[in-house]
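First residue of the sequence shown? That's 1 in UniProt numbering, and the numbers climb one at a time after it.
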Amino acid sequence: MTTVRDVREMAGATPITMLTAYDATTARVANDAGIDVLLVGDSVGNTDLGYESTLPVTVDEIASRTAAVARGADDALVVADMPFLSVGVDDAESVRNCGRMLKEAEADAVKLESGPRTVDLTERLVELGVPVMAHLGLTPQRVKETGYGRQGTTRDEAHEILDLARRHEDAGAFALVLEHVPANLAAQVTDALSIPTIGIGAGGDCDGQVLVVDDVLGLSERSPPFSKQFGDLRSEMLDAVSEYREAVESGEFPAEEHGHTADELDELY
1 MTTVRDVREM AGATPITMLT AYDATTARVA NDAGIDVLLV GDSVGNTDLG YESTLPVTVD
61 EIASRTAAVA RGADDALVVA DMPFLSVGVD DAESVRNCGR MLKEAEADAV KLESGPRTVD
121 LTERLVELGV PVMAHLGLTP QRVKETGYGR QGTTRDEAHE ILDLARRHED AGAFALVLEH
181 VPANLAAQVT DALSIPTIGI GAGGDCDGQV LVVDDVLGLS ERSPPFSKQF GDLRSEMLDA
241 VSEYREAVES GEFPAEEHGH TADELDELY
């Protein structure tokens, strides 16, 4: 089983593979494919729950999905993504919400969309035994403020990201996600840290990569420009469901082999 220590030690050595997962079935497939880390992302709001952003996602929804993923993953490290306003409003409540992911949902770690406000929280969580993955660059929970554009494109913004990366490493974070930042900035952050960086839209010099599983499988109607579709399951699903509908409407399904009869039930009336 992959541990937090394993992931930390992969920095600069072995590329880390991380993928989102929101259910036990997907978790089993990703686990069997050898994915190192499964992130139960608040992106479930966009992919599975029909929300227009991640903001409406609740702690209960993440806890339920995390538990399902944990049941499906025997080897991968399971990381619960803490949703909007689940941390940062009240320190005690933040700790309880994060701790719940380990106590009740069997996560191995939590991920925080990070900033100056999460440095002390990261340190406190690590003190209490809750491993923390930090997340800098584009943080979708701040969409009302920043939109979905590339972050860290000015020298001041880049210096802030580098400084926050170092502060979260010092606070005890075991890894850092860098999202939608210039590749040369991500390379310098990676070089400056001893903990691994995991990029999404951050170039190829990070210690690992993460993508949303719906984008990888080709289930998304729209994917970000930094993603890549490795399959086309949406078309395959559409074909299969259409074929099923046609078979029912034509009477082809169910056929005789899809059911059974009991002789003693003949002539009931």
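Every residue gets a Cβ at the ideal spot worked out from N, C-alpha and C, and that includes glycine.
Nearest-angstrom Cα separation, counted from residue j out to residue i
| i | j | result |
| --- | --- | --- |
| Arg-245 | Gly-251 | 10 Å |
| Gly-149 | Val-143 | 9 Å |
| Ser-43 | Phe-226 | 16 Å |
| Met-18 | Glu-123 | 24 Å |
| Val-119 | Gly-72 | 32 Å |
| Phe-174 | Glu-157 | 23 Å |
| Thr-154 | Leu-185 | 10 Å |
| Gly-45 | Asp-215 | 14 Å |
| Leu-238 | Ile-16 | 33 Å |
| Arg-8 | Val-95 | 23 Å |
| Gly-204 | Ala-183 | 7 Å |
| Asp-32 | Asp-6 | 18 Å |
| Met-10 | Gln-151 | 26 Å |
| Val-213 | Arg-166 | 29 Å |
| Leu-268 | Ala-68 | 45 Å |
Beta-carbon separation (whole angstroms), residue i vs residue j, contact threshold 8 Å
| i | j | result |
| --- | --- | --- |
| Leu-164 | Ile-195 | 13 Å between Cβ atoms; not a contact. |
| residue 340 | Leu-217 | Residue 340 lies beyond the range of the chain shown here (1 to 269); nothing can be said about it. |
Identity of the residue in the options nearest residue i by Cα
| i | options | result |
| --- | --- | --- |
| Leu-211 | Phe-174, Ala-30, His-159 | Ala-30 |
| Glu-106 | Ser-94, Asp-74, Val-126, Pro-116 | Asp-74 |
| Pro-224 | Ala-202, Ser-235, His-260 | Ala-202 |
| Gly-115 | Val-241, Pro-56, Gln-141 | Gln-141 |
| Phe-253 | Ala-262, Val-69, Glu-243 | Glu-243 |
| Glu-93 | Asp-205, Val-69, Leu-125, Ala-68 | Leu-125 |
| Ala-192 | Cys-206, Ile-200, Pro-182 | Cys-206 |
| Glu-52 | Asp-91, Val-110, Gly-147, Asn-97 | Gly-147 |
| Val-181 | His-258, Glu-9, Gly-137 | Gly-137 |
| residue 350 | Glu-236, Gly-208, Gly-204, Gln-209 | The question about residue 350 has no answer, for the chain in this structure spans 1 to 269. |
| Glu-145 | Leu-55, Val-7, Asp-48 | Leu-55 |
| Arg-28 | Val-59, Ala-11, Glu-9, Ala-70 | Ala-70 |
| Gly-12 | Gly-208, Thr-47, Ile-161 | Gly-208 |
| Thr-47 | Ala-187, Glu-221, Glu-113 | Glu-221 |
| Val-110 | Ala-240, Gln-151, Gly-152, Gly-172 | Gly-172 |
Within 8 Å, strictly: CB atoms of residue i and residue j
| i | j | result |
| --- | --- | --- |
| Ala-134 | His-159 | no |
| Val-4 | Asp-108 | yes |
| Gly-41 | Thr-20 | yes |
| Asp-90 | Leu-121 | no |
| Leu-162 | Val-189 | yes |
| Asn-97 | Val-57 | no |
The region 68-82 / the region 28-41 touching (three or more Cβ pairs under 8 Å): With a cut-off of 8 Å, the region 28-41 and the region 68-82 count as touching, because enough Cβ pairs lie within range.
The region 7-27 / the region 83-90 touching (three or more Cβ pairs under 8 Å): Because the criterion of three Cβ pairs below 8 Å is not met, the region 7-27 and the region 83-90 do not touch.
Would you check if the region 98-108 and the region 129-136 touch, i.e. whether three or more CB-CB distances between them fall below 8 Å? Taking 8 Å as the limit for Cβ pairs, the verdict is that the region 98-108 does touch the region 129-136.
Is the region 61-69 in contact with the region 228-243, if contact means three or more CB pairs nearer than 8 Å? Per the Cβ contact rule, the region 61-69 is not in contact with the region 228-243 (fewer than 3 Cβ pairs under 8 Å).
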